[in-house]
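Asks:
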Amino acid sequence: MCGIYGMVADNGSALRYPSVLDEMGAALRHRGPDGHAAFTHPDAVIGTERLRIIDLHERADQPFAAPGSQVWLECNGEIYNAASIRARYPQYPYRSHSDVETILPLYLERGAAAVEELDGMFGLAIWDDRTRTLILARDRAGEKPLFYARIGHEILFASELQCILRYPDLPRDLDDAALADYLRLGYVPEPRTMFRAIRRVEAGTYVRFREDSEQVVRYWDPSSFEIEPRSSSNAVKTLRELMEAAVRKQVIADVPVGVFISGGMDSSILATLAAQTIGVGKVHTFSAQFAEKSYDESGDAAILARQIGTQHVPVRSDEAALLEALQNVTTRVAEPLADPAILPTFLLARAARQHVKVILSGEGADELFGGYPTYLGHKVAPLYDALPAPIRAAIRKAVSGLRASDRKVTIEFLLKKFVADAERPWIERHMAWFGTGLSDRIHVKPPSALTLPELPANADPLAAAMLLDYRSYLRDNLLVKVDRATMLSSVEARAPFLDRDLTRFALTLPTSVRVKRLETKWVLKKAAEKWLPKDVIYRRKRGLSVPVASWLNGGLRGEVDRLLDPARLQSQGLVNAPYVGELLAAHRAHRANHAKPLWALVMLQYWLERWT
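The end of the sequence shown is residue 652 by the working numbering, with every number in the run present.
(1) Evaluate contact between the segment 517-536 and the segment 55-72, counting only Cβ atoms and requiring at least three cross-stretch pairs below 8 Å.
(2) For Lys437, count neighbouring Cβ atoms within 10 angstroms of its own Cβ and tell me buried if that reaches 16, exposed if not.
(3) Within the segment 379-466, note down every full alpha helix (DSSP H) run reaching 4 residues or more, in order along the chain.
(4) Tell me whether the segment 352-367 and the segment 214-222 touch, counting them as touching only if at least three CB pairs, one residue from each stretch, are closer than 8 Å.
(5) Quick check: what's the CA-CA separation for Pro384 versus Trp591?
(6) Rounded to the nearest angstrom, what separates Phe326 and Asp541 at their Cα positions?
(7) Starting from Gln351, trace the alpha helix (DSSP H) in both directions and tell me its first and last residue.
(8) From this set, Leu614, Glu156 and Tyr510, which residue's C-alpha is nearest Pro487's C-alpha?
(9) Which same chain residues end up closer than 8 Å to Glu251 when comparing Cβ atoms and leaving out the 5 residues on each side of it in sequence?
(10) Any chance you could list the alpha helix (DSSP H) runs of at least 4 consecutive residues sitting entirely within the segment 269-311, in chain order?
(11) Going by beta-carbon coordinates alone, are Gly163 and Pro130 separated by less than 7 Å?
(12) So, using beta-carbon positions, are Leu267 and Pro606 closer together than 7 Å?
(13) Ignore the nearest five residues each way along the sequence and tell me which others in Ala177's own chain have a CB closer than 6 Å to its CB.
(14) Mapping the DSSP letters down to three states, classify Gly75 as helix, strand or coil.
(15) Where DSSP assigns a beta bridge to Met47, which residues make up the other side?
(16) Using only alpha-carbon positions, find the residue among Asn121, Phe330, Leu603 and Gly349 that is nearest to Val299.
(17) Hey, could you find the ends of the alpha helix (DSSP H) Asn116 is sitting in?
(18) Check the C-beta distance from Ser308 over to Leu344 and give it rounded, since I have them as a contact under 8 Å.
(19) Ser512 and Pro107: beta carbons closer than 7 Å?
(20) Let me know the secondary structure DSSP gives Ser512 once reduced to three states.
(21) Assuming Trp639 contacts Ala378 (C-beta within less than 8 Å), just tell me the rounded distance between them.
(22) If you follow the beta strand (DSSP E) that Arg248 is in, where does it begin and where does it stop?
(23) Have a look at Asp480, Met47, Gln610 and Asp74 and flag the residue whose alpha-carbon is nearest the alpha-carbon of Glu63.
(24) Using a Cβ-Cβ cut-off of 7 Å (strictly less than) and excluding sequence neighbours within five positions of Leu146, which residues of its own chain qualify?
(25) By DSSP, does Asp168 sit in helix, in strand, or in coil?
(26) Short check: CB of Val563 to CB of Leu96, under 7 Å?
(27) Assuming Ala525 contacts Ile382 under a Cβ cut-off of 8 Å, what Cβ separation, rounded to an integer in Å, is found between them?
(28) For the segment 541-622, which segments carrying the alpha helix (DSSP H) assignment without a break, of at least 4 residues, lie completely within its bounds, in sequence order?
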């Protein structure tokens, strides 16, 4: 695991600011505090900050050079099929036992198409001086980040956005479309960033730069898989085999490994299989401990840890700790992200770093196997829409009269979200359910069309919703949250549910196996009966979050008033200040729970204050 960065002049001219490489490295040192190395040339400089996970010797520090020193490679991530690749090229003069170095002989044989053969999570850069070509590539799901910008003939790239901001002549104009997307979703969909000049390499693609040209090649298309009919018993059996194989691959490390657990099914599966693979007593587990009972699952997590036999660490996540996390995230992450779970994730990672360097996390299970309540909403919506208009009106009136609660994911909250959007086309209601909750009144300028990935025509709404979440919410929100929060503490997060083979299998499953009647994640739950007690499997899903609703009216009240001050918003001219005032007034008076939209605005203001 590393922070990678560099600058290349693809026309062969000398770089204008080669000394900026040192500043770029300093901006990424949290991603790799164990080792630093660089390759320098008048027209290409590449640097790596390394977190040593596989082959802890300095000989495995990056970047790697092929024989003749004309091809240079650096990679942030892990290559799980490195052993099989190494075996294919026994004559290659490897200098280390690193998983990353195995990419070089594969590239020398196959060129950029080598990326298609990699099984892992990665953001990588290859500079081929023979053809003056730069290749930037990302893994299939988008677990590892990679940003780039072109300034004249120079291409800048880095694992994190703030690294590129160190370049002196970089324009910092805001991308209006990205801002509009953020206000609707709470995150910026790739390939955009909030800066017009900086883009992200898209998940499942590589970008080839050569002689002022830029070509994007998609090697992984999750919408291309066709549904394969299979019996329920076969689906359960296959899933068990693939899940166990995924964990076996991803616990391989030359350093200690841990698991973030909540007491829920997904993380419990990972902890159980990790302990079976590594050994009882050798796995550390970590859970967030909240004072607010509706948010706290640390008791369930502790019980599970005792049953499995892990070394368990509860992590205090009270208001004081969350405020400290907020300060760290807003000053050290150069992207606005409205997911408050990034705060306890940072606290978990910081505590974990005292014991382990690698963490397993459950991202991907909900999107691939149908775990969100919204999927049930899509199944029920047609039935609701079929009711006579007077009955729907009566239901809306009754639901709107329910008292707003500050508690986590209440029935009142879910019902209000459902009736507000159930009658809209599926994609509109889905984005409303997953969005910030800000209405179109928030926009000062007419917003552009929402940036969404392409979906198969005439797809079943439920299958399309899961695919959309895999290609947007998971990729651009959840994986960003986990990567940034863990790497701030120099911890590598791995997501076994996003294993290449497991993902391919999940994408071919019919929705009837993933969401059976009103049972979410049916096939995963059945598979889990081999590993977990039923009370863990069928416990109500809550997820990691933060008591934002009460926080906005309590300990964060002064900051909220400062950041959302009408005069401040008016002077910026980015959002509708009177509308924001209405939201805040209703929330303060407990007439409505506007925690989600208000939090999105607060995080945007912190970002503007620190990074523009």
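No residue lacks a Cβ here, since even glycine has one placed at the ideal position from N, Cα and C. Here the structure is a predicted model, which means the values were calculated and not measured.
Replies: This is what the structure holds:
(1) yes
(2) exposed
(3) 382-392, 405-409, 413-425, 429-440 and 451-461
(4) Contact fails: fewer than three Cβ-Cβ distances are below 8 Å.
(5) 14 Å
(6) 27 Å
(7) Not the alpha helix (DSSP H): Gln351 falls in the beta strand (DSSP E), residues Gln351 to Arg356.
(8) When C-alpha distances from Pro487 are compared across Leu614, Glu156 and Tyr510, the shortest belongs to Leu614.
(9) Excluding residues within five positions, the ones whose Cβ falls inside 8 Å are Asp50, Asn51 and Arg172.
(10) Fully enclosed alpha helix (DSSP H) runs of no fewer than 4 residues occupy 272-290 of the segment 269-311, in order along the chain.
(11) no
(12) Per the sequence presented here, residue 267 reads as Ile, with Leu not at that position. Going by C-beta atoms, Ile267 is not nearer than 7 Å to Pro606.
(13) Val155, Leu164 and Tyr246
(14) strand
(15) Val85 and Leu196
(16) Of all alpha-carbon atoms in Asn121, Phe330, Leu603 and Gly349, the one lying nearest the alpha-carbon of Val299 is that of Gly349.
(17) Careful: Asn116 lies outside any alpha helix (DSSP H), inside the beta strand (DSSP E) at Val111 to Ile119.
(18) 5 Å
(19) no
(20) helix
(21) 6 Å
(22) Thr245 to Arg250
(23) Selected option, being the one with the closest Cα: Met47.
(24) Ile125, Ala154 and Glu157
(25) strand
(26) Their beta carbons are not under 7 Å apart, which means Val563 does not touch Leu96 by this criterion.
(27) 5 Å
(28) 551-554, 562-568, 574-577, 588-593, 597-603 and 606-612
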